[in-house]
Each structure stands twice: as C-alpha cells, then as structure tokens.
Amino acid sequence: MAERVNRRKVRVGVVVSDKMDKTVVVRVTREFRHPVYGKRVKLSKKYMAHDENNECQVGDVVRIMETRPLSRHKRWRVVEIIEKAKKLGETVESAEE
C-alpha cells in the first residue's frame, strides 16, 4: 500500500494576538529580491491558526501547518512552539545575576 505524502504548506511566524479562545494570529514575514530593481522587499501576512490547548502567547515563534477549514478565517493550526517569548520579569532577573 502506498504511503500518504504530506503536501500541506508549513510557515514559521510570530504570534501577534492570543485574545481569542483556541485561536492565535500569527505574522509570517518573507523577504525576497525585487526582480527588476534588486532591492530586498519584506512582506508580512497574518494567519489565524488553531491553538487547541491555548499554549501560545504573544511573542512566541511558532510553526503552523495548513489544514481543513476550521472556521470562516481559520485554515491553519499550530504544529509546535519553536521559541517561547521572553517575559519582562525574566529579562530583569537575568540582568541582575
């Protein structure tokens, strides 16, 4: 029997909002060279992603994967949290040590 090939798109971005229940807004930034002028261009796009356990916080770097439509705007889900956001209290404590 043939194995299923996963052809879903994967993106890495930063959580910019976690105010909704089981949903986060992730900003994905991509950079490319302009084909005519050669200047680097940065474009960012926001995706609504499903966060089943409400684990993500603002500032977390996450990997999201395309999935079936979950609501009117949600078509992505959080696969993993790559890097947790640093809290203000943590940076002050590490500076004092």
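Count along the sequence shown from 1, add 1085, and you get the number used in my numbering.
Using N, Cα and C, we set each Cβ at its ideal position, and we do this for glycine too.
Tell me whether the stretch 1110-1118 and the stretch 1126-1139 touch, counting them as touching only if at least three CB pairs, one residue from each stretch, are closer than 8 Å. yes
L1155 at chain C interface by Cβ criterion, 9 Å: Here chain C cannot be found, since the structure has a single protein chain.
Helix, strand or coil: how does DSSP classify G1174 here? helix
Of all the options E1088, R1162, V1097 and R1092, which has the alpha carbon lying nearest to the alpha carbon of V1146? V1097
Between which residues of its own chain and W1161 is the CB-CB distance below 8 Å, once the five residues before and five after are set aside? R1096, V1111, Y1132, M1133, A1134, H1135, I1149, M1150, E1151 and T1152
Status (buried if at least 16 other CB within 10 Å, exposed otherwise) for R1109: Before going further, note that residue 1109 is Val rather than Arg in the sequence given. V1109 is buried by the Cβ-count criterion.
Apart from the five residues just before and just after E1088, which ones in its own chain have a Cβ nearer than 8 Å to its Cβ? none
First and last residue of the beta strand (DSSP E) that includes V1146? V1146 to E1151
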